[in-house]
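Under the numbering used here, the first residue of the sequence shown carries the number 261, and numbering increases by one thereafter. The C-beta atom is built at its ideal place from N, Cα and C for all residues, glycine as well. These numbers were taken from a predicted model, which means no experiment stands behind them. Quick notes on the structure that follows.
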Amino acid sequence: MTISKPVFDRLGLGIWVGAFLVVLGLVLWSPHTRTVTLAYGYGSQEFLAGRPLYNLQSEMGYLYAPAFAALYVPMLKLGPHLGGLVWHIIGFAVLTFAAMRQVRKLGGQELPWLLSFGLFLALPMALGAIRNGQATILLTGACWLLTLSALEGRRAETFFWASVAIIAKPTAIIMLLLVGALRLRLIPVLVLAVLFVLAIPYAFAPAGYLNAQYADFARMLTSMGLDKSGHFVPTDFTAPFTSAGLPMPEFAATVVRVVVALLTLSAVLWFDRRLQPGWAGLAIFLTAAFYMCVFNPRVEPNTYAMIAVPAGLAIATLWREERGGVLASVLATLLFLTGLTGVERHMHDFFYPWFRPIAVTLIACSLIWWFWAKAGEKTMKVGPVAHG
Numbered sequence: 261m262t263i264s265k266p267v268f269d270r271l272g273l274g275i276w277v278g279a280f281l282v283v284l285g286l287v288l289w290s291p292h293t294r295t296v297t298l299a300y301g302y303g304s305q306e307f308l309a310g311r312p313l314y315n316l317q318s319e320m321g322y323l324y325a326p327a328f329a330a331l332y333v334p335m336l337k338l339g340p341h342l343g344g345l346v347w348h349i350i351g352f353a354v355l356t357f358a359a360m361r362q363v364r365k366l367g368g369q370e371l372p373w374l375l376s377f378g379l380f381l382a383l384p385m386a387l388g389a390i391r392n393g394q395a396t397i398l399l400t401g402a403c404w405l406l407t408l409s410a411l412e413g414r415r416a417e418t419f420f421w422a423s424v425a426i427i428a429k430p431t432a433i434i435m436l437l438l439v440g441a442l443r444l445r446l447i448p449v450l451v452l453a454v455l456f457v458l459a460i461p462y463a464f465a466p467a468g469y470l471n472a473q474y475a476d477f478a479r480m481l482t483s484m485g486l487d488k489s490g491h492f493v494p495t496d497f498t499a500p501f502t503s504a505g506l507p508m509p510e511f512a513a514t515v516v517r518v519v520v521a522l523l524t525l526s527a528v529l530w531f532d533r534r535l536q537p538g539w540a541g542l543a544i545f546l547t548a549a550f551y552m553c554v555f556n557p558r559v560e561p562n563t564y565a566m567i568a569v570p571a572g573l574a575i576a577t578l579w580r581e582e583r584g585g586v587l588a589s590v591l592a593t594l595l596f597l598t599g600l601t602g603v604e605r606h607m608h609d610f611f612y613p614w615f616r617p618i619a620v621t622l623i624a625c626s627l628i629w630w631f632w633a634k635a636g637e638k639t640m641k642v643g644p645v646a647h648g
């Protein structure tokens, strides 16, 4: 089974860009509808006024680092229309650039088709987060570019994308830890990026105020995964058990997260050693994105946008290498349809919150298994792949 090359060489990319242009039109038409940028603007307003950023009694509200509040100020000053437009463009551009760079690293034939088909498959799952202006889109692109830059040993790029990723969302620390494990010599660069992000707000606000905010920020990070008093409903791997009336104890969930974290580390180390560099970047980021979505206690449906594009490109790569086939067809259909489960209200109510973690686990584990098998094949043929 094959997908017509002329059809998807440009069509998928055109739909990806076209859908984003529609999003920009909606932002200009109604900037306060279906958006999380209000929370970002609130953080910047509180930062400028010297008021507390965090409400430790709530699971919702402003959940980002003080640096995010400081650097979002220009968007706030531009107003909801122009500021929203610029914010959406930044996130979309970074994510699209990351996908394009990954495709170039994959090499081989039919690269325009690979990019176009992968983005087409990812669009339904990614579009909700793109429409809402969620920092997840910027986080995804920055973490992906951080992975590719680190694997190539580019220190300046690694520092830049690590800084952007941490600013976008605190969960980027997971990606920094993986990158540090993969490239020990880059640990000083990653530490410097963290320190740089922590220092940024001190250029714009008094030290005493910021010290108090960092104390609250630390308490929020260590408690928000345990506080179940709010109305936030996690959509992580525990959601299917909760939906079935068998909620998983917090201790058991923590044990699962630790075990899977160790398996994730083992997998990315294997990919780094055994796969060709371009393939290794995609396999490593796909594995990391899977962990950051399914095993993050703060995950919500739109968080799964993080795995949408790497999974789409991985499925397109599988399709190209295997000339189609049952596995590629099933995974492509599952990824595309999973993104559509939130389109209609009754459908959303039926599938929420249990379906996405199950579907994404099936997709990601199948792709990770395929990359693992390809790594084994390459090892038998040419031996270990050397990485400088």
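Which value, in whole angstroms, describes the spacing of the CA atoms of Leu442 and Arg605? Numbered from 1 along the sequence shown, position 182 holds the residue referred to as residue 442. Numbered from 1 along the sequence shown, position 345 holds the residue referred to as residue 605. About 43 Å.
Taking the alpha carbon of Glu582 as the point to measure from, which residue in Ala565, Phe631, Ile623 has its own alpha carbon closest? Residue mapping note: residue 582 aligns to position 322 of the sequence shown, counting from 1. Taking only the C-alpha atoms, the option nearest Glu582 is Phe631.
In whole angstroms, what is the alpha-carbon distance linking Leu357 and Trp347? If you number the sequence shown from 1, residue 357 lands on position 97. If you number the sequence shown from 1, residue 347 lands on position 87. The sequence shown places Phe at residue 357, rather than the Leu named in the question. Those two C-alpha atoms are separated by around 16 Å.
Applying the criterion that 16 or more other CB atoms from any shown protein chain within 10 Å of the CB defines a buried residue, is Val519 buried or exposed? On the sequence shown, residue 519 is found 259 positions in, with the first residue counted as 1. That one is exposed.
Exposed unless 16 or more other CB atoms sit within 10 angstroms - verdict on Asn649: Any property of residue 649 remains undetermined from this structure, which presents the chain solely from 261 to 648.
Lys365, DSSP secondary structure in three states: The count along the sequence shown starts at 1 and reaches residue 365 at position 105. Correct three-state label for Lys365: helix.
Tell me, please, whether the stretch 512-526 touches the stretch 376-385 by the rule of three or more beta-carbon pairs shorter than 8 Å. At 8 Å Cβ cutoff, the stretches do not touch.
First and last residue of the uninterrupted alpha helix (DSSP H) at Gly541: On the sequence shown, position 281 is the one that residue 541 refers to. Start and end: 537-554.
Does Leu481 come out as helix, strand or coil in the three-state DSSP assignment? Along the sequence shown, read from residue 1 onward, the residue named residue 481 stands at position 221. Residue state, collapsed to three classes: helix.
Using the three-state DSSP reduction, which class does Lys429 fall into: helix, strand or coil? On the sequence shown, position 169 is the one that residue 429 refers to. The DSSP-derived three-state label of Lys429 is coil.
Specify the secondary structure class of Asp487 as computed by DSSP and reduced to three states. Counting from 1 along the sequence shown, the entry for residue 487 is found at position 227. With a pLDDT of only 45 at Asp487, under the threshold of 50, the placement of this residue in the model should not be trusted; the figure read from the coordinates follows. Coil, per DSSP.
Whose C-beta lies closer than 6 Å to the C-beta of Leu450 among residues of the same chain, with five residues either side of it excluded? Translated into the one-based positions of the sequence shown, residue 450 becomes position 190. Contacts found: Ala422, Leu436, Gly440.
Using the Cβ count rule (16 or more neighbours within 10 Å means buried), how would you classify Ile623? Indexing the sequence shown from 1 puts residue 623 at position 363. That one is buried.
By how many angstroms is the C-alpha of Ala386 removed from the C-alpha of Val569? Within the sequence shown, numbered from 1, the residue matching residue 569 stands at position 309. Within the sequence shown, numbered from 1, the residue matching residue 386 stands at position 126. Answer to the nearest angstrom: the Cα atoms are 8 Å apart.
Separation of Thr495 from Phe511, as counted between CA atoms: Here residue 511 corresponds to residue number 251 of the sequence shown, with the count starting at 1. Here residue 495 corresponds to residue number 235 of the sequence shown, with the count starting at 1. Their backbone Cα atoms lie some 18 Å apart in a straight line.
Output the boundary residues of the alpha helix (DSSP H) element that contains Val493. Working through the sequence shown from its first residue, we reach residue 493 at position 233. Counting along the chain, Val493 falls outside any alpha helix (DSSP H), and DSSP gives it neither H nor E.
Given a cut-off of 8 Å, decide if Pro617 and Pro653 are closer than it, judged by their beta-carbon atoms. Residue coverage of the chain in this structure runs from 261 to 648, which leaves residue 653 outside it and unanswerable.
If I follow the unbroken alpha helix (DSSP H) through Pro326, where does it start and stop? The residue labelled residue 326 in the question sits at position 66 within the sequence shown. Unbroken alpha helix (DSSP H) run through Pro326: 326-331.
Just verifying my parser: in three-state terms, what is the DSSP assignment at Tyr612? Residue mapping note: residue 612 aligns to position 352 of the sequence shown, counting from 1. Of the three classes helix, strand and coil, the one that applies to Tyr612 here is coil, per DSSP.
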